[in-house]
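Undergrad:
In my numbering, the protein residues as written are 22 to 397.
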């Protein structure tokens, strides 16, 4: 087991000690160009939804200035088919459906994550794609114009009930833009949805065409070692799909297989409430096989146990010489002979005799007791 894998597993099973909170308003990870835009989103939340945010939090600032975020509101997505993104560059989209569409278009030229999955992660370059185009708020974004007195006539009047969706939309927007450490590109295809916030953002952004030349200027060298490190970081964050992507780029096939096994288990767990029993069982079997190929018998057996395939779990443990664990799974499967035989190998003689008895294997039980009468 890798040290970074062990650390991940240990973290999973221990309670997290919550540290004392301090209000640290200096951000050393990014620059003011991005922070000012992020703060403007917070200001919108405070303006429209004052009870949904802590007003006592200080406005974050950085010790260095930086380039303003670039916005292209007539973005041509085909540009993304011509550029290879680096290990610390990401495309963020709204949801899984948008992610699948974009992945199909760009064919592994860049990592693509949803806003939800990107939470807690940071990247040098973030391209936020079609956040407003795919927004369920649609024209409700126009209520932002109501904060400008000169444009208030004829503009939507804010209603908490009517515009409540913007509360979550703005919070998701904040998460997305704060993933960037160096450069932030906001690219959308439908001008009518993004136009209101562009007016609000006028002094915080630079409107520019995001084309092949611009993206090429931001390109990073594709260093296998960096891809590998990012893969391990994603693995520790349980972002297995992205870990697979990084390990493929780094050429680390062993780690790719391990990340894939965990990803298959994640799929299986997610399918429990959304799929029929046969599909769920199939998903767990796929994960179990993948873990076994990675020499992770305990995880392989766990996947079989999740769908009550205890004999298969026992077979995995037995193959790896984990005889007592094998025996206890055989008991659950009512495979009494296998249980007794493996208890014998584990030198658990009382348990072995009891397994034979419970299975009504009286002749085997009698012979076993005679054989080990001094140890029972």
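Using N, Cα and C, we set each Cβ at its ideal position, and we do this for glycine too. Because the structure is a prediction, the values reported are computed rather than measured.
Going by CA-CA distance only, name the one from 292, 142, 365 and 357 that's closest to residue 344.
TA: Within the chain shown, residue 344 is the residue found at index 323, counting from 1. Nearest option by C-alpha distance: 365.
Undergrad: Could you check the C-alpha separation between residue 220 and residue 98 for me, to the nearest Å?
TA: Position 199 of the chain shown, counted from the first residue, corresponds to residue 220. Position 77 of the chain shown, counted from the first residue, corresponds to residue 98. Spanning the two alpha carbons is a distance of roughly 23 Å.
Undergrad: Mind checking who residue 201 pairs with in its DSSP beta bridge?
TA: Locating residue 201 in the chain shown gives position 180, counting from the first residue. DSSP lists 144 as partners of residue 201.
Undergrad: Residue 164 lies in the alpha helix (DSSP H); which residues open and close that run?
TA: Within the chain shown, residue 164 is the residue found at index 143, counting from 1. Counting along the chain, residue 164 falls outside any alpha helix (DSSP H), and DSSP gives it neither H nor E.
Undergrad: Does the beta-carbon of residue 298 have 16 or more other beta-carbons within 10 angstroms, so that it is buried, or is it exposed?
TA: On the chain shown, position 277 is the one that residue 298 refers to. Exposed, because fewer than 16 other Cβ atoms sit within 10 Å of the Cβ of residue 298.
Undergrad: For residue 176, which of helix, strand or coil comes out of DSSP?
TA: For this step, residue 176 is matched to residue 155 along the chain shown. Coil, per DSSP.
Undergrad: Per the contact definition of three or more C-beta pairs closer than 8 Å, is the stretch 149 to 158 in contact with the stretch 103 to 115?
TA: Segments in contact, yes.
Undergrad: Use the C-beta contact count for residue 5: other C-beta atoms within 10 angstroms, 16 or more gives buried, fewer gives exposed.
TA: Not covered by the structure: residue 5. The range shown for the chain is 22 to 397.
Undergrad: Quick check on residue 15: buried or exposed, where buried means 16 or more other Cβ atoms within 10 Å of its Cβ?
TA: In the structure as shown, the chain starts at 22 and stops at 397, and residue 15 therefore has no counterpart that could be examined.
Undergrad: Please list the terminal residues of the continuous beta strand (DSSP E) segment that includes residue 133.
TA: Your numbering for residue 133 matches position 112 in the chain shown. Unbroken beta strand (DSSP E) run through residue 133: 132 to 135.
Undergrad: To the nearest whole angstrom, what separates the beta carbons of residue 194 and residue 91, a pair I think is in contact under 8 Å?
TA: Against the chain shown, residue 194 aligns to sequence position 173. Against the chain shown, residue 91 aligns to sequence position 70. Not really, about 16 Å apart at Cβ, beyond 8 Å.
Undergrad: Quick check for students: name the residue ranges of the alpha helix (DSSP H) that lie wholly in the stretch 293 to 334, counting only runs of 4 or more.
TA: Here the runs fully enclosed are 298 to 314 and 318 to 327.
Undergrad: Would you mind reading off the limits of the alpha helix (DSSP H) that contains residue 288?
TA: Working through the chain shown from its first residue, we reach residue 288 at position 267. Unbroken alpha helix (DSSP H) run through residue 288: 274 to 291.
Undergrad: Report the option in 187, 231, 328 and 200 whose CA atom is closest to the CA atom of residue 100.
TA: Numbered from 1 along the chain shown, position 79 holds the residue referred to as residue 100. Of the listed residues, the one whose Cα sits closest to residue 100 is 231.
Undergrad: By DSSP, does residue 74 sit in helix, in strand, or in coil?
TA: Position 53 of the chain shown, counted from the first residue, corresponds to residue 74. Of the three classes helix, strand and coil, the one that applies to residue 74 here is coil, per DSSP.
Undergrad: Look at residue 93 and residue 213 and say whether their C-beta atoms are less than 8 Å apart.
TA: Counted from its first residue, the chain shown places residue 93 at position 72. Counted from its first residue, the chain shown places residue 213 at position 192. In this structure, residue 213 does not lie closer than 8 Å to residue 93 by Cβ.
Undergrad: Using beta-carbon positions only, say whether residue 346 and residue 225 come within less than 8 Å of one another.
TA: As a position in the chain shown, residue 346 is number 325, starting the count at 1. As a position in the chain shown, residue 225 is number 204, starting the count at 1. It is not a contact, given that the beta carbons lie outside the stated cut-off.
Undergrad: Quick one: Cα of residue 204 to Cα of residue 75, how far?
TA: In the chain shown, residue 204 corresponds to position 183, counting from 1. In the chain shown, residue 75 corresponds to position 54, counting from 1. Cα to Cα, the separation comes out at about 27 Å.
Undergrad: Give me whichever residues DSSP pairs with residue 150 in a beta bridge.
TA: As a working mapping, residue 150 is identified with position 129 in the chain shown. DSSP output for residue 150 lists 208 as bridge partner(s).
Undergrad: Under the rule that 16 or more other beta-carbon atoms within 10 Å means buried, what is residue 71, buried or exposed?
TA: Looking up residue 71 in the chain shown gives position 50. Answer is exposed; the Cβ neighbour count stays below 16.
Undergrad: Just the C-alpha distance for residue 188 and residue 295, rounded to the nearest angstrom, thanks.
TA: Residue 188 sits at position 167 when you count from the first residue of the chain shown. Residue 295 sits at position 274 when you count from the first residue of the chain shown. Taking the straight line joining both Cα atoms gives about 28 Å.
Undergrad: Assess, as a yes-or-no matter, whether the stretch 156 to 169 is touched by the stretch 130 to 148 under the definition of 3 or more beta carbon pairs within less than 8 Å.
TA: At 8 Å Cβ cutoff, the stretches do not touch.
Undergrad: Alpha helix (DSSP H) containing residue 62: first to last residue?
TA: To locate residue 62, count along the chain shown from 1; it is residue 41. Where residue 62 is concerned, the enclosing alpha helix (DSSP H) stretches over 53 to 69.
Undergrad: From residue 301 to residue 282, what distance separates their C-alpha atoms?
TA: Position 280 of the chain shown, counting from 1, holds the residue named residue 301. Position 261 of the chain shown, counting from 1, holds the residue named residue 282. Taking the straight line from one Cα to the other gives about 15 Å.
Undergrad: What residues are listed by DSSP as bridge partners for residue 114?
TA: By one-based count along the chain shown, residue 114 stands at place 93. According to DSSP, residue 114 bridges with 135.
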